Structure formats: structure tokens, C-alpha cells
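Participant: One structure coming up, written as C-alpha cells, with questions to follow.
Residue numbers (the numbering used here): 22 to 649.
Listed below in C-alpha cells is the structure:
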């Protein structure tokens, strides 16, 4: 995309001064200047707020494109999330509230959560899981998912969490890609009052998954699903068969913590690897200074641990802060569109961190449902996953925040691990703008030649310096990792388009690569295209994202049929079902169009931007490389 002038709104909201006065970060500009003056000293001070078994010797070592952070420091993120709170005044504080789809509730204090994690960690050890082994977690949003993640971290096992909405092919690719020795799952998830079996999906995904030695199953249904002896274990029976104490593994700061697969521009998802120490410091720092979590808060991030948002801002960051977190298996509009607001009233939730897709859905229902509930416990609203459009900001700010609460719109990625751009607490808020780089982060917006663009001109967003929670590698693909750091002057290319205003506020305009953000989820065009082409009727496929008022984007698919195949409504339904089974419901095209040809370059690459431009009635741009 070439650089172009963008018309920017100058509308601004200024929060009450007491928010800045009471925030952990009282002066973002002063903090940012402090970072610029002494970057290593800035991160050193943050790191000292956490506990290290052995102190690190150097803040960072940067040899482009590889970084090491808190070098030779020894720590354990599970210890920092649980033990250090359980040994102090937070011992009997609620760490986690959970509500199921059917209204069932559970809670765990820090002491209780630690005990559960230790028992499950010992259970994994009894299955032969050791430091460095990979464990795949394919579960609904239940407390046991959090327990499993923390148990892996406790013994140094690398976890790979897979969103429970994925189908068998997507799950198989992630299990085999990570070389998982154990898979933890549930018999089913509950969505909108319906039971969705997970174990059959896993069973299909395990065909030719030769690294897997054991399956651990959380059995929630009656009658209980049968288990294969010596291969499948019951979640709680495994815990009951082992000891109760499990000392945390002594982890080097650079030891891998988890692999998280994210959609890529090739058919195979990318396994993003995050390590222990830097990720721990980055998520702790942003939970404290961006989300402003306090001891008295009940904090709710509405995402799922199957995504990076759930890793950083449901599990690790908030628990490092000693927060009380709330999670739910339920959906935002079941049994009615007021259920989320009822949670806020029932649990006294004070920080709500959610996605623009959910906000836009609620906008359709107006103010009727939120007005039924007492939302006075709220003190901070946050947005994550995709750009928060001005209309959604206005509704969120006025209807839910009553025109009083700060709205923290955050930009970051799976690859960054932590927030990078936002409007810090107490700073003026501008609808449509995420905000400025947070202290500790150096970004710029550049043209194709790598030159910074002036305010009002769009360009590529780049990150100019390393940061603690940056990914360390793409699993088994160093070449792909290196391409991230191949921007101007060896910068990190975020693959997002952005524009800056005169005050330095940044608006994210959308992706510049072949990813589609649907309801906050990154969907790789190549993954959907591969799924379509795997159907016997399809010769070629191209997928584009089209703006959608509700989801942010919807998926539009163009297919060329094989010789002898005829377009029928039944065939289109079969193709949609095929994608659902292969990748899961989040990747389903909203529409499939049968075409006679696709626009391609002379080298054979499909020009998706041309398809998208024609669909939207826009200028398709330079067509000099098109084949015909």
C-alpha cells in the first residue's frame, strides 16, 4: 500500500484528574523520557519488583536479530504468580473467580490455586514430563486450563495452548509442530447451553501424531466418557495419585515458557516462542502501569487463554500483580445480551478488558441491557484485539463508562507479548487512536523507503528497539523469525499500517500482510485457502477480508472449481462445512463465490488486494505486475 493522506479527527476526552493522581504511572511523558535516558536502567527497576532465585548479571544482550534479557537470571513465573503471594498477605485473597455457562461458580484463593497447581504439576511429572518437554493444552475457558498452564511453567515444561474452537486439522498441525508429549483436554465445552464434544476432535487430530505419549482428560459430563487404559488419564484422578508439594523449577531467564501458534501468510501456522524472564517482566509491567491493576480490583479480560491476550492478560500478568481475576465459559449474548453486565454487578468487576467485536455487538442492542445493571464497580475500560473504531469508543465510553472512565485501547501482537501502544491512564483520549508508545517501547511510522512519514500520512508501523517480552524465535523456522527484524535499519516490522497525528497519537489502520482479523482473531488467508483447496471440488482459492460492522472483518472466498464440478448452493454449503471441520468455526467464510479466474502476478502469486479493492469499489492500485 502506498502512503496516503488520512483525515484525522481532533476529538478529545480528558479523564478526571484523580485517575492520573491515583495511577501507578502518574506522568507518562516523564517516564518515557526516563526510559530514553537509560533504557537498561528502566527495565532493571521493573525487574527488581519480582523475585529471582539468582540475580541476573546484565539487562540485555542485543545481536540483531537475537536478544537475551536479564542474562543468567534464574526465576520461575509460576513461583512469582503464586508462591510469593501465598507466603504473604494475599494468601487468602481470591485469585480466580469462575462462572460456567450454566451459572455454576467456583473460586480459588492464592493458597488454594497454588495447591492445585502443585498437584497437577506432580501429575505431569508422573507421566514423564520434564523441563523442556512440550505439553499441548486444548481446553475450554475453565479454571483447570489456568491450572494446567501454571503447572507446566512450574516444572519447566513448554506449553502450547490451542483455542478450543479449532478443528482437528488445525489442532493436529499445532500438536505435531510443537512435538507435544502430553495433550490435556476436556470431554466437552459448553457454549450457549449446548455441549460441544472436544475429545472426538482431539482423537482425529492425534492420527499420525507420533510424539504424544499420554492424554489427560477433564471429565465434566455424565455419564463419564470412557478412557483408554494406560494412555488416557482423568484430570483429577491424576492429581489425586501424586504428592501435594512441587518445588518450582529453577528456570534460566531465557528458557522457553510457551509456544503459541498464530496464523501466518503461508499455509502452516507460526509457532511463536516466548521465554521466561523477559516475558515475566513485560507482562507484569504492563498490567501494573497500563492496566493499572490494584490490590482492590476484580479484573476481567474477556478473551480466551488460547490466544496471546489470554496468556498475558488473563493468566500471567494479572497473577504476577496479585490480582483477583474473573473468567467465564459463557458467551456475551447467552442467555441474553445482558449477561456480561450481570457478571460485573455480581462479582464487583472494576476493570473490564474486552474486544471491539464484543462492543460493536452490544451497540446493536442499545442501552437497554447495560442499563438494567449496576456498573458502578467499574473504574477502567480496556480494548484489545483490533482497532477500536471511534463509534465503538463513543458507545463504550458513554454507555458503559458513563462518560467518566478511562478507556485504554491497546495495540500489541502475539509476537510482542505485551502492550506496545496505548493511552496511559489519565492522558487525553482520542476516539480511533490507540495512543502513544508506552514507556519502554520505541516505534515509528515509515514509508516504503524506510523514511519516517509526517503526521497525517499513513505508513508501516515499525518497532525500532528490542523489548523484554519480544518473541525469541519462530519454532523450527529461523528464517521466518529473521524476516520480522528486516525492517528499515534492522527494525521489527509489525505488518500493520498506521498514521500519527500532530500530538504523536497513533491510529492503527489495519494489516498490510495476508492476515484477516475476525472478531479479534488472526486468521491466515493461506490457512483458509488451503482448507478450501483440500476439498475435491476446488482447484484454486483466494480469500480476502471485507469490513464488517460487527466482526471488524468477514471472510470472502473466491474459488475455481475443478473440471467437471458444477456450482450449486449445496456445493457452497459443503465448502463452508469443510472449512469449519478443518479449521473451526472462527475461520468460516461468510460467502463463497465461484469464479472463472483469479488475478495473479506473472510469477503466479494471487493478488488479493485486487479482489478486495474491486469488492469495495476502490482503486486496485498498480496493476503492472498482473498476468492478464
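Where is the CB? At the ideal position from N, CA and C, for every residue including glycine. All figures in this text were calculated on a predicted structure; none of them were measured in a lab.
Using a Cβ-Cβ distance cut-off of 8 angstroms, determine whether residue 306 contacts chain C.
Facilitator: Looking at the structure shown, chain C is missing, and only one protein chain is on hand.
Participant: Name the one or two DSSP bridge partners that residue 658 has.
Facilitator: For the chain, the structure presents residues 22 to 649; residue 658 sits outside this window and is missing.
Participant: Our contact map puts residue 61 next to residue 81 with C-beta atoms below 8 angstroms; I'd like the distance itself, whole angstroms only.
Facilitator: Correct: roughly 6 angstroms between the Cβ atoms.
Participant: Following the continuous alpha helix (DSSP H) through residue 10, name the residue where it begins and the one where it ends.
Facilitator: One cannot answer for residue 10 here, as it falls past the ends of the chain, which runs 22 to 649.
Participant: Output needed for residue 316: all residues of its chain with C-beta closer than 7 angstroms, excluding positions within five of it in sequence on either side, in chain order.
Facilitator: Excluding sequence neighbours, residue 316 sits near 343.
Participant: What did DSSP end up calling residue 295 once you bin it into helix, strand or coil?
Facilitator: Strand at residue 295.
Participant: To the nearest angstrom, how far is the alpha carbon of residue 190 from that of residue 228?
Facilitator: Roughly 10 angstroms separates the two Cα atoms.
Participant: Can you tell me whether residue 650 is helix, strand or coil according to DSSP?
Facilitator: For the chain, the structure presents residues 22 to 649; residue 650 sits outside this window and is missing.
Participant: Report the CB separation of residue 325 from residue 187 in whole angstroms; it is logged as a contact under 8 angstroms.
Facilitator: Wrong, their Cβ atoms sit about 11 angstroms apart, outside the cutoff.
Participant: By Cβ distance, which residues of its chain are closer than 8 angstroms to residue 373, with the 5 residues on each side in sequence left out?
Facilitator: Same-chain partners within the cutoff: 321, 323, 365, 399, 401, 402, 403, 421.
Participant: Quick one: measure Cβ to Cβ for residue 300 and residue 438, integer angstroms, because I've assumed they're closer than 8 angstroms.
Facilitator: Indeed they touch by this definition, with Cβ atoms about 5 angstroms apart.
Participant: Could you have a look at residue 526 and say whether DSSP puts it in helix, strand or coil?
Facilitator: The answer is coil: DSSP assigns residue 526 none of H, G, I, E or B.
Participant: Pair every Cβ in the segment 466-473 with every Cβ in the segment 440-447, then say whether three or more of these pairs are closer than 8 angstroms.
Facilitator: These segments do not touch.
Participant: Got a sec, what are the start and stop residues for the alpha helix (DSSP H) residue 256 sits in?
Facilitator: 256-261 is the span of the alpha helix (DSSP H), which, as asked, contains residue 256.
Participant: In the DSSP output, which residue or residues are listed as bridge partners for residue 373?
Facilitator: Residue 373 pairs with 321, 402.
Participant: By Cβ distance, which residues of its chain are closer than 7 angstroms to residue 640, with the 5 residues on each side in sequence left out?
Facilitator: Result list for residue 640: 634, in chain order.
Participant: Which residue from 147, 536, 162, 605 puts its Cα closest to that of residue 348?
Facilitator: Among 147, 536, 162, 605, the Cα nearest to that of residue 348 is on 162.
Participant: My parser needs the beta strand (DSSP E) runs of 3 or more residues fully inside the segment 197-230; what are they?
Facilitator: Taking only runs of at least 3 residues, the beta strand (DSSP E) segments lying wholly in the segment 197-230 are 203-207, 209-212, 215-218.
Participant: Just to confirm the assignment, what range does the alpha helix (DSSP H) spanning residue 58 have?
Facilitator: Looking at the DSSP string, the run of the alpha helix (DSSP H) that includes residue 58 is 49-58.
Participant: If you count every other CB in all the chains shown that lies within 10 Å of the CB of residue 151, and 16 or more means buried, which is it?
Facilitator: When all chains shown are included, residue 151 counts as exposed.
Participant: Could you check the C-alpha separation between residue 157 and residue 202 for me, to the nearest Å?
Facilitator: Whole-angstrom Cα-Cα distance: 8 angstroms.
Participant: In whole angstroms, what is the alpha-carbon distance linking residue 624 and residue 563?
Facilitator: Residue confidence is low: residue 624 scores 45 on pLDDT, short of 50, so the model does not pin down where it sits. Its coordinate-derived value is still stated next. Roughly 16 angstroms between the two C-alpha positions.
Participant: Report the residue from 621, 242, 167 whose alpha carbon sits nearest the alpha carbon of residue 119.
Facilitator: Nearest option by C-alpha distance: 167.
Participant: Given that a residue counts as buried once 16 or more other Cβ atoms are within 10 Å of its Cβ, and exposed if not, what is residue 84?
Facilitator: Label assigned to residue 84: exposed.
Participant: Report the partner residues of residue 627 according to the DSSP bridge assignment.
Facilitator: Residue 627 pairs with 621.
Participant: Assign residue 432 to one of three DSSP states: helix, strand, or coil.
Facilitator: Reduced to three states, the DSSP call for residue 432 is strand.
Participant: Kindly list the residues whose CB is nearer than 6 angstroms to the CB of residue 540, restricted to its own chain and excluding five residues on each side of it in sequence; keep chain order.
Facilitator: Around residue 540: 378, 572.
Participant: Out of 494, 516, 578, point me to the one whose CA is closest to residue 291's CA.
Facilitator: Residue 494 is the option with its Cα nearest to residue 291.
Participant: Under three-state DSSP, which class holds residue 187?
Facilitator: DSSP places residue 187 in coil when its eight states are reduced to three.
Participant: Measuring CA to CA, which of 499, 222, 393, 154 is closest to residue 160?
Facilitator: The shortest C-alpha separation from residue 160 is found at 222.
Participant: Does the count of Cβ pairs from the segment 578-594 and the segment 612-622 closer than 8 angstroms reach three?
Facilitator: These segments touch.
Participant: Evaluate contact between the segment 252-265 and the segment 123-141, counting only Cβ atoms and requiring at least three cross-stretch pairs below 8 angstroms.
Facilitator: These segments touch.
Participant: By how many angstroms is the C-alpha of residue 193 removed from the C-alpha of residue 601?
Facilitator: So the two alpha carbons sit approximately 15 angstroms from each other.
Participant: Quick one: what's residue 609 bridged to in DSSP?
Facilitator: Paired residues: none, contrary to the question.
Participant: From residue 200 to residue 234, what does the alpha carbon distance come to, in whole angstroms?
Facilitator: Taking the straight line joining both Cα atoms gives about 11 angstroms.
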